[in-house]
Structure formats: C-alpha cells, structure tokens
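The sequence shown begins at 0 in numbering that gives the first Met the number 0 and counts up by one.
Down below is the structure, laid out as structure tokens.
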Amino acid sequence: MAVPKRKTSPMKRGFRRSADAIKAPTYVEDKDSGELRRPHHVDLKTGMYRGRQILKPKSVEA
Numbered sequence: 000m001a002v003p004k005r006k007t008s009p010m011k012r013g014f015r016r017s018a019d020a021i022k023a024p025t026y027v028e029d030k031d032s033g034e035l036r037r038p039h040h041v042d043l044k045t046g047m048y049r050g051r052q053i054l055k056p057k058s059v060e061a
C-alpha cells in the first residue's frame with residue numbers, strides 16, 4: 000500500500016485546496032446585441048469583438 004513519506008505541510012495543503020475557491024465564470028450583457036457573453040471574448044452570435052467584425056455571424060436556422 001502506498002504511504003506518504005512525509006506529512007503534507009499546511010502550505011502545500013492550501014495550494015491543493017485553493018481550487019475549491021474558484022468561482023463560476025461571469026457574464027456581461029453585450030452593448031450591441033444584448034446577449035450575454037464572457038468579458039474579453041468574442042460575441043459568437045454576431046462575431047464582433049470590441050467593435051470589429053472578427054468572425055462570420057452564425058446563420059439563423061428556422
């Protein structure tokens with residue numbers, strides 16, 4: 000059976016547990032389309048980023 004050679008220090012234990020405090024991603028409302036998007040990310044519906052057309056807009060399928 001695998002047994003640790005040394006006791007895990009409180010600092011190392013804290014490093015491991017720091018991921019528990021990660022929050023859910025935030026979203027902002029886009030100024031132009033009103034859609035929710037991540038900050039500093041391209042709006043996938045319109046393809047715009049900071050006022051520039053980066054991607055082709057997604058086609059609306061009915």
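Ideal Cβ placement from N, Cα and C applies to all residues, glycine included.
| Check | Outcome |
| --- | --- |
| Which of the three DSSP states is assigned to Arg-36 in this structure? | strand |
| Could you say which of Arg-49, Gly-50, Thr-45 lies nearest to Pro-56 if we only look at CA atoms? | Thr-45 |
| If you follow the alpha helix (DSSP H) that Pro-9 is in, where does it begin and where does it stop? | 9-16 |
| Taking the straight line between their C-alpha atoms, what separation do you get for Lys-37 and Val-27? | Before going on, a small fix: residue 37 reads as Arg here, not Lys. Those two C-alpha atoms are separated by around 6 Å. |
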